[in-house]
């Protein structure tokens, strides 16, 4: 009889675990479906409010370009700055020309100032995502599409995006020209 009672109690306890678990999770806010949907709704409302507030805000984005090394290239933004609204998708381009007589493979490395704006500057499409091959004498406009996150701190009104372009085959250019090396005469 005791064994049967213990078995029934264990079955009842196991059966009640799922609803008890859901109750505890919803009260504590852990992995609850209703809590997650409530949080999603709260996030949407907060995002809408932030979007309304930031719609009136103007952010100036400045663009800069640097060439790493002594190479025969031209590299510059096609516009020096734009004024954007947070959340607004913006497209600009950078111009690059290979003035050398060789094909080059380049990589552009971005830098953002102030550093606090880095996580709020979202690049959607960028020439910096992959290397660019430029034939001798070739000139190209390279696209950059970005969004400034509405969560950008309110004390930041200007962001500077700077790209440094470099030759990915730099190890070849660092090798000495052996034709100019002095020779050692025989004794």
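In our numbering, the protein residues as written are 3 to 189.
The C-beta atom is built at its ideal place from N, Cα and C for all residues, glycine as well.
Item: Own chain, CB closer than 7 Å to residue 115, minus 5 neighbours either side, in chain order; Value: 162
Item: Beta-carbon contacts of residue 95 that lie in its chain and below 7 Å, excluding the five residues immediately before and after; Value: 80, 143, 144, 145, 146
Item: DSSP-derived helix/strand/coil call for residue 137; Value: coil
Item: Of the listed residues 156, 134, 126, 152, nearest to residue 106 (C-alpha basis); Value: 134
Item: Spatial distance of residue 70 from residue 137 (CA atoms); Value: 18 Å
Item: Own chain residues within Cβ distance below 6 Å of residue 140, not counting five before or after; Value: 100
Item: Under 9 Å between C-beta atoms of residue 110 and residue 129; Value: yes
Item: Residue 169, buried or exposed, once every other Cβ within 10 Å from all chains shown has been counted against 16; Value: buried
Item: Distance, residue 108 Cα to residue 150 Cα; Value: 26 Å
Item: Among 6, 119, 59, the one whose alpha carbon lies nearest that of residue 88; Value: 59
Item: Cut-off 6 Å between Cβ atoms - residues of its own chain near residue 113, not counting five sequence neighbours on either side; Value: 164
Item: Status (buried if at least 16 other CB within 10 Å, exposed otherwise) for residue 152; Value: buried
Item: Between the CA atoms of residue 6 and residue 24 - distance to the nearest angstrom; Value: 28 Å
Item: Reduced DSSP secondary structure (H/G/I, E/B, other) of residue 89; Value: coil
Item: Residue burial classification, residue 63 (beta-carbon count within 10 angstroms, cutoff 16); Value: buried
Item: Rounded distance between the beta-carbons of residue 98 and residue 127, thought under 8 Å; Value: That pair is no contact at about 16 Å.
Item: Rounded C-alpha distance that separates residue 22 from residue 16; Value: 10 Å
Item: Neighbourhood of residue 103 by C-beta distance below 8 Å, restricted to the same chain and skipping five residues each side; Value: 138, 139
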